[in-house]
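**Q** This structure is in structure tokens; I'll ask about it shortly.
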Amino acid sequence: MTASFRYVARNLGRRRTRTLLGALGIFLTLSLLTAIQIGIDSISVSYTDLVALQAGKADLIITAEGSHWLQPKPFAPAEIETKLKANPRLRGVSPRLMGIVQVGRGDTEHHAVLIGLNPARERELDISGLSPDPILLKGTCAVSRSLAGRLKADKETELSIRSSTTGGTSAMRLAAVIDRQLILPQEVKDFIVVNEDAARSLLAEPERVHALAGAFRDSRASYDARDLHASMLRLKEVGETIAADLGMNYDVRLPKAAAIATFQHFTSPLRAVFGVFAVLTLTVTGLLIYSIISVAVEERIREYGVLRTLGAKRRDIFGLILGESVFLCAMGVIPGVLAGMLVARGILGLVGLIMHAEGGVITLVVSPATLWLTLLAGAVLSIGSAVIPAVKASRWHIVDALDPLRRGQIRHETRPEGAASRPLLLGGLALSALSVVVLFILPTAFLSGNPSLIGTVVLGLLLATLLGFTLVAVGVLPLIEWCVMAAVGWAFGPSAELARRNLVRHRRRNTTTALMFILSISLVIFVASLVVLASRTAMNMVEHFNGADFRLQSEFASGEDPKSNLARIEGVEQVAEARFLRGRTEQGVAYDVVLSDLVGMKQLWIVPFGVDANIGKVLYTDRIQFAEGGPAAFAKLAAYQVPAKTEETGPAAAPPLILSLSAAEYLDARAGDTVKLSFRLGAERRDGRFRVEAVCGAMPGFDNFRSRVANAVGSGILIPLASFKQMTQTAPAEAILVRYFLKAAPGEEIQQTVAKRIREESDVRYRFGVKSSLEQKRTAKILYWVTQVFFGMVLTVAVLISVFALIASMATAAIERRWEIGVLKALGLRRSHLFRMFLGEATVLTLSAGIAGGLIGFTLAYLFALQAGMLMEIPIVFTMPYVTFLATFAISVAAGALAAHLPTRHLLRKPAAEILRVEV
Amino acid sequence: MSEIAVQAENLHKSYVLGATAVGALRGVNLTVRHGEFVALMGPSGCGKTTLLNLVAAIDLPSRGTIQIDGVDLSRLSEDQLADLRRDRIGMVFQFYNLIPTLTACENVEIPMQFKGVGRGERRGRALALLERVGLKDRAGHKPSELSGGEQQRVSIARALANQPALVLLDEPTGDLDSATGKEIIALLSDLNEREKVTLLIATHDASIAEKSTRTVRLRDGQIESGTPKS
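As you go down the protein sequences, you meet chains A and B in turn.
Using my numbering, the first residue of the first sequence is number 1, and each one after it goes up by one.
Using my numbering, the first residue of the second sequence is number 1001, and each one after it goes up by one.
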């Protein structure tokens, strides 16, 4: 064993450059993969600590059934507290009260949400959702920074608080300004916090509460980051036990557990993506090792023949070659894993510094599983890459191995009778495997609803497609090389012909290099295309979902008319209103609307929107996808008036309707057809006939306008507001939801001002969620740049590895062709011509592989985007990532030049005799 | 051990080279007794190396049989052939074929390593063999640090590592100058006379033939004559 180890070690030492290149390639790959894996692990673990920043510290929140922070329902806590006292998992609960109040200072008064709580109890249970955590003595309060700014109030300022509902008043001294709250939705900017007694007095609730916030015993153990899924199941069980105990009248929520479940939902597909990226990177590195070992074996085939004459068996040769690969990989794997840990520590430290300002920290977690996984990856890499060269070397006939002139010339074996046809077997196996995945595994994955499983299967198929395209590209590479040589061959002078012939002669060995490069470039272009696509799609999706400059949706119907108030805001040009029905009221009354043809052959449950005359002026009409009809349909909707019924008039003309494409296809309805709408409101039913004026595949602001028949159920229609009101006359106010679309004057500053004023004047009072297209596009842009930077870094490393692999491959090729170089020099070829010969070969190879890889990556991204757009029914605008494409070209050319120069620079300087001297 | 070291009967060897079938050996019969020093001579392409390769069990005949020490090679499995090469046959090549990354001593140790000889014993025997060929003081040198003659001596020492019944040499002086070649021939002659090492040498070198006990001449894949020395 020691002698074999010595032999292997000395062989690696003999070719130091090649060994270094191989080890460095593995080092880069393993350090990158280790760093990413550690990063994901650390974030997952730390997330359980950071989740409180988003969901609040309370482990559970108990409210009355149907209670909402806008309309909180009070309940008596005594019964619940008694029941919960016996629960061994619960440490305790703390009361919370909520309501809408007006906070004033001098002549200024603003609406705000009141939060009443017991600060001491919350501190005791460590569930305070406020930062900083106020003390709240008698007669003091804390307000949000936004409200403080509006009131121009500082600490010690005297404020007056008045409840809109009870009329209760109170004067308080401002004790603290709150920067962050985790009790209400984050859109709520104006809030005031008082102690429990003050809240009870203001809200006239001497005994009841609006919520109970609770803490689990041993919180740390409940959120076990090593197995988030099991942790969530345990917490869910606890929550369900409590909910079952309390009965149907109460809602129990686990905000932190829900946040972690959402996080897991997000990280699972991320892990699947990382898995695919890891497989691809390891494949490229594996090809590098294969290339290095192949050439090493080729160099030493005679040596192996000699060893066999001395008594070595085939398996001894096989073992020596595998041992060399394992040794080589170990030189890269172990330092790579260590470097990955250091890199992860560095990056997480940086992130932690940034996050520390937010009160959080990310702990570096290096799990044994990660270390084992990376070591296993290294082992598979080392053994997998060397198996084929080792098998080939051990199968050489001794006489052929000893005599280079005989190699490959003499046929020794004929295929024995009964031997299988390998290409047919492999082809058949590949097709069968693919069919099994598509027929059985894919539907099962989609039906499971598990995003991680779906993501893994889809990404696996994507990978298979990528590999398939790559193999096709390698197959047609000679043609591409021919074209590239025809285009750029002139640059290499008389050496171009030599380069062309060498490309043909060394086709087999260049295949590995080409494969590496094509895989890497296609991955880079694919990811870059998707990143550009995602950013553009994100912008389009903002306009698609919002529909207009602003979209406001009221959760609860209000007796007031906010539309005219909104229209009065400076900067607002138009306001449009759309009304629709809630599916079911609090009392459980169902509201269904069914669309059918006039003979009732087909019926479809839909969601109708009653829109006013301004809708066509406010929406982003360029985003509307008309399948039939056009913008004139909006004019008809605007112009429609419900006719007065008299005895003299005949049947009224059917009101106009804009139908979604999916519904139209389902019902086989076209523009000009008349359809029947049936409003079923509990026991009541109202039917009406409508005329289809237009059919649309997409309608901005109304995301249920869909184009695929499979999504027809629940799709949307637009009818005149007057018709909608007529059809829903008997529906209670609480059943109607209202959506407002605002068009603002152009200009970023004006739109920002409008957003601010809407929130200031209308937010709490009208209980709106305000969505500003400008603000959301800004967020999308920031996200775009962040993902660009992140993916740019990752892809740079991927490209570096492939360039590296290319240089290593060309270096080994140069070594292999020493003799040829020596002979050419002896025949009189100049150094410059020799260099241009290598340059020509390398550049044509890399350019061809780069073109092939770019086309594959782009095609794959386009197909992926097309499919995603079809499945998700989101507007996809695909753009070629020109910058990345050009950069890839430039990298290909540079890589080719480097690959030609670096390995040959010493060799070409040597005299021919020195090169030709037989190596003993 | 039988008296006969090598018994080849009706040996034929053909190659398919491209589209042509080449008959390298055509019905060769050869007997070599233990202790003999046999020189195989003939023009280039007559089949000397082919015959040597078949006797060395590194190639298989198209037809005919070979027995080494009474063992029919056609009945042996591949592993058994490897063991035979390790234990009973030593081979010396024209271009030495030493492992360049190993020292002279380590090269000599290789066959013993495959046999499983312990490190200490291996090292002792290797040094003794190197001393026998006059290179003990060069034991720690790599092949690139040795002259052609020295490398060939190391190759001979390696061939003797497991005390084989038979040593086969293919043009051992082909790559050496005449003076060095003479030294090698003298060494081989000495090995044969003193230690009764059976030698079968394929060569163009007439001085080897002079030292041999028998010369076998080949032409066009057949034995032309096999004159013993008087």
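The C-beta atom is built at its ideal place from N, Cα and C for all residues, glycine as well.
Tell me the rounded alpha-carbon separation between V438(A) and Q867(A).
**A** Sequence index remark: in the first sequence, residue 438(A) carries index 438 (1-based). Sequence index remark: in the first sequence, residue 867(A) carries index 867 (1-based). About 15 Å.
**Q** When DSSP labels each residue in this structure, what does Y304(A) get in the three-state scheme?
**A** Counting from 1 along the first sequence, the entry for residue 304(A) is found at position 304. In the structure shown, Y304(A) sits in a helix (DSSP, three-state: H, G or I).
**Q** Specify the secondary structure class of T730(A) as computed by DSSP and reduced to three states.
**A** Counting from 1 along the first sequence, the entry for residue 730(A) is found at position 730. DSSP places T730(A) in coil when its eight states are reduced to three.
**Q** Determine the direct distance from the alpha carbon of L246(A) to that of I80(A), and round the result to whole angstroms.
**A** Locating residue 80(A) in the first sequence gives position 80, where the first residue counts as 1. Locating residue 246(A) in the first sequence gives position 246, where the first residue counts as 1. Cα-Cα distance, rounded: 7 Å.
**Q** When you compare only the Cα positions, how much space is there between L806(A) and L463(A)?
**A** For this step, residue 806(A) is matched to residue 806 along the first sequence. For this step, residue 463(A) is matched to residue 463 along the first sequence. Each residue's Cα considered, the two are about 22 Å apart.
**Q** Are there 16 or more other CB atoms within 10 angstroms of the CB of Q1151(B), so buried, or fewer, so exposed?
**A** By one-based count along the second sequence, residue 1151(B) stands at place 151. If you draw a 10 Å sphere on the C-beta of Q1151(B), you find 16 or more other C-beta atoms in it, and that means buried.
**Q** Whose Cβ in chain A lies nearer than 7 Å to the Cβ of T1101(B)?
**A** By 1-based counting over the second sequence, the position of residue 1101(B) is 101. Within chain A, the residues near T1101(B) are Y7, R10, N11, R14.
**Q** Does the distance from the C-beta atom of N614(A) to that of A576(A) stay below 9 Å?
**A** Here the question's residue 614(A) lines up with position 614 in the first sequence. Here the question's residue 576(A) lines up with position 576 in the first sequence. Going by C-beta atoms, N614(A) is nearer than 9 Å to A576(A).
**Q** Can you list, in chain order, the stretches of the alpha helix (DSSP H) that have 4 or more residues and sit fully within the segment 94 to 149 of chain A?
**A** 119 to 125
**Q** Apart from the five residues just before and just after T649(A), which ones in its own chain have a Cβ nearer than 8 Å to its Cβ?
**A** Taking the first sequence and counting its residues from 1, the one referred to as residue 649(A) is at position 649. Residue placement at T649(A) is flagged as unreliable, the pLDDT there being 48, under the threshold of 50; the coordinate-derived value follows with that caveat. Sequence-distant partners of T649(A) (beyond 5 residues in either direction) whose C-beta falls short of 8 Å from its own C-beta, in its chain, are P643.
**Q** For the segment 586 to 631 of chain A, which segments carrying the beta strand (DSSP E) assignment without a break, of at least 3 residues, lie completely within its bounds, in sequence order?
**A** 591 to 596, 603 to 611, 625 to 628
**Q** Compile a chain-ordered list of the residues in the segment 1091 to 1121 of chain B whose CB is closer than 9 Å to at least one CB of chain A.
**A** M1091, F1093, F1095, Y1096, N1097, L1098, I1099, P1100, T1101, L1102, E1106, E1109, I1110, P1111, Q1113, F1114, K1115, R1119
**Q** Give the list of continuous beta strand (DSSP E) stretches no shorter than 3 residues that lie fully inside the segment 1044 to 1087 of chain B.
**A** 1063 to 1068
**Q** Who are the neighbours of R18(A) on chain B, taking C-beta pairs under 7 Å?
**A** Translated into positions along the first sequence, residue 18(A) becomes position 18. Against chain B, a Cβ distance below 7 Å from R18(A) picks out nothing, because the smallest value is about 14 Å.
**Q** At the 9 Å Cβ level, is I1068(B) part of the contact set with chain A, yes or no?
**A** Here residue 1068(B) corresponds to residue number 68 of the second sequence, with the count starting at 1. Taking Cβ atoms only, chain A never reaches closer than 9 Å to I1068(B), which makes this a no.
**Q** Can you list, in chain order, the residues of its chain with a C-beta nearer than 7 Å to that of N1162(B)? Leave out the 5 residues immediately preceding and following it.
**A** The residue you call residue 1162(B) lines up with position 162 of the second sequence. So the qualifying residues of the chain are R1086, D1087, P1111, M1112, K1115.
**Q** Is the beta carbon of I289(A) sitting closer than 9 Å to the one on L353(A)?
**A** Reading the first sequence from its first residue, position 289 is the one you call residue 289(A). Reading the first sequence from its first residue, position 353 is the one you call residue 353(A). Not in contact: I289(A) and L353(A) (Cβ atoms no closer than 9 Å).
**Q** Please report the Cβ distance between I1252(B) and I1066(B), rounded to the nearest whole angstrom; I am assuming they are in contact, meaning their Cβ atoms lie under 8 Å.
**A** Residue coverage of chain B in this structure runs from 1001 to 1230, which leaves residue 1252(B) outside it and unanswerable.
**Q** Give the single residue among T796(A), G697(A), A148(A) whose Cα lies nearest to the Cα of D622(A).
**A** Here residue 622(A) corresponds to residue number 622 of the first sequence, with the count starting at 1. Cα-wise, what sits closest to D622(A) is G697(A).
**Q** Quick one, which of V531(A), P335(A), T169(A), L322(A) has its alpha-carbon nearest S4(A)'s?
**A** Start at 1 with the first residue of the first sequence, and residue 4(A) comes out as number 4. For S4(A), the nearest C-alpha among the options comes from L322(A).
**Q** Straight-line CA distance for L908(A) to V1154(B)?
**A** Within the first sequence, the letter at position 908 stands for residue 908(A). Within the second sequence, the letter at position 154 stands for residue 1154(B). Their backbone Cα atoms lie some 34 Å apart in a straight line.
**Q** DSSP beta-bridge partners for E684(A)?
**A** On the first sequence, residue 684(A) is found 684 positions in, with the first residue counted as 1. Paired residues: L681(A).
**Q** Looking only at C-alpha atoms, which of R759(A), A663(A), R508(A) sits nearest to P562(A)?
**A** For the purposes of this step, residue 562(A) is identified with residue 562 of the first sequence, where counting begins at 1. Among R759(A), A663(A), R508(A), the Cα nearest to that of P562(A) is on R759(A).
**Q** So S382(A) and S291(A) are supposed to be a Cβ contact under 8 Å. How far apart are they, rounded?
**A** One-based indexing of the first sequence puts residue 382(A) at position 382. One-based indexing of the first sequence puts residue 291(A) at position 291. 14 Å between Cβ atoms; not a contact.
**Q** Roughly how many angstroms lie between the CA atoms of E684(A) and D179(A), to the nearest whole one?
**A** Within the first sequence, numbered from 1, the residue matching residue 684(A) stands at position 684. Within the first sequence, numbered from 1, the residue matching residue 179(A) stands at position 179. Each residue's Cα considered, the two are about 50 Å apart.
**Q** Using DSSP with H/G/I as helix, E/B as strand and the rest coil, what is R706(A)?
**A** Translated into the one-based positions of the first sequence, residue 706(A) becomes position 706. Three-state result, R706(A): coil.
**Q** Please list, in chain order, all residues of the same chain as R1138(B) whose beta carbon is under 7 Å from its beta carbon, the five residues on each side excluded.
**A** The residue you call residue 1138(B) lines up with position 138 of the second sequence. The answer, listed in chain order, is A1104, L1146, E1150.
**Q** On the three-pair Cβ rule with 8 Å, is the segment 328 to 344 of chain A touching the segment 16 to 32 of chain A?
**A** With the cut-off at 8 Å, the segment 328 to 344 of chain A and the segment 16 to 32 of chain A touch.
**Q** Going by alpha carbons, who is nearest to L847(A) out of E628(A), G896(A), M880(A), L863(A)?
**A** Numbered from its first residue, the first sequence carries residue 847(A) at position 847. Answer by Cα proximity: G896(A).
**Q** Between the segment 839 to 853 of chain A and the segment 465 to 477 of chain A, can you find at least three pairs of beta-carbon atoms closer than 8 Å?
**A** yes
**Q** Between the alpha carbons of L619(A) and D597(A), how many angstroms are there, rounded?
**A** Residue numbering aside, residue 619(A) sits at position 619 when the first sequence is read from its first letter. Residue numbering aside, residue 597(A) sits at position 597 when the first sequence is read from its first letter. Taking the straight line from one Cα to the other gives about 29 Å.
**Q** Please confirm if G323(A) has its CB atom under 9 Å from at least one CB of chain C.
**A** Absent from the structure: chain C. Protein chains present are A and B.
**Q** To the nearest angstrom, how far is it from the Cα of Y666(A) to the Cα of A377(A)?
**A** For the purposes of this step, residue 666(A) is identified with residue 666 of the first sequence, where counting begins at 1. For the purposes of this step, residue 377(A) is identified with residue 377 of the first sequence, where counting begins at 1. Each residue's alpha carbon lies about 51 Å from the other.
**Q** So with CB distances below 7 Å, who are the chain B contacts of T309(A)?
**A** The residue given as residue 309(A) occupies position 309 in the first sequence. Here the neighbours are A1056, I1058, R1085, M1091.
**Q** Rounded to whole angstroms, what is the Cα-Cα separation between T1020(B) and S1044(B)?
**A** For the purposes of this step, residue 1020(B) is taken as the residue at position 20 of the second sequence. For the purposes of this step, residue 1044(B) is taken as the residue at position 44 of the second sequence. One alpha carbon belongs to T1020(B), the other to S1044(B), and they sit about 19 Å apart.
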